[in-house]
Amino acid sequence: MRILIGILLLIHGLITGGISLGMVGGGTSAPENPSWLSWWPTPVGRSWLLSPMGLEPSIISRLFAIVWVVGGICFLASGVGIFLGQEWWRTFAIVGAALSVVVLVVYLHPWYWFALALNAGILVALWWAHWPPATMVGS
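In this note's numbering, the protein residues as written are 4 to 142.
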């Protein structure tokens, strides 16, 4: 179980970090939504909250991108920590999930709903349910 959770945390960290690094560049073009998703107000990578306020691209949007990068790094650290048998892996996973949820809400897009649910699941499992138990993952 420890190996599976560690691998999943590393993969989640790479995906989170990869998506966030694309935002750090702050480019002015974003891919358009496909026609079946034309009802959504903003394309992926643009904030439904910041864009109408004229805060994209700006230092505010770049700060959110950095928060997301830190979230990805936390997931990577968490994956490494579980492989090393360290109890702090949980703290890093909780912080990574919390930071990701904040940014996902600000940049909410239908393509991100799975990531939002995944991060919410990590928070519920680790913070509220205290799962998995230390006996299951060796830390």
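Quick reminder that beta carbons are idealized off the backbone N, C-alpha and C, glycines included.
Using 8 Å as the threshold, is the C-beta distance between residue i and residue j below it?
i, j, result
"L107", "A118", "yes"
"G99", "F67", "no"
"V140", "R49", "no"
"I97", "L12", "no"
"G16", "G82", "yes"
"L52", "V73", "no"
"P113", "W43", "yes"
"S23", "W71", "yes"
Output needed for residue i: all residues of its chain with C-beta closer than 6 Å, excluding positions within five of it in sequence on either side, in chain order.
i, result
"S54", "T45"
"W116", "none"
"W92", "S81, G84, I85"
Hey, could you find the ends of the alpha helix (DSSP H) residue i is sitting in?
i, result
"M139", "137–140"
"V127", "No alpha helix (DSSP H) contains V127, which DSSP labels as neither H nor E."
"W91", "Element bounds for W91: n/a, residue is neither H nor E."
In its own chain, which residues sit with a C-beta less than 8 Å from the C-beta of residue i, not counting the 5 before and 5 after it?
i, result
"V104", "L119, N122, A123, L126"
"A137", "E90"
Leaving aside the five residues before and after residue i along the sequence, list all residues of the same chain whose C-beta is less than 7 Å from its C-beta, in chain order.
i, result
"F95", "C77, A80, S81, G84"
How about residue i: is its C-beta nearer than 8 Å to some C-beta of chain B?
i, result
"I8", "The structure shown contains no chain B, having only a single protein chain."
Compare the C-alpha of residue i against each of the options and name the closest.
i, options, result
"I10", "L87, A132, V47", "L87"
"I14", "Y110, A132, G75", "G75"
"V47", "S41, M56, I63, P34", "P34"
"V109", "L7, L40, S41, L58", "L58"
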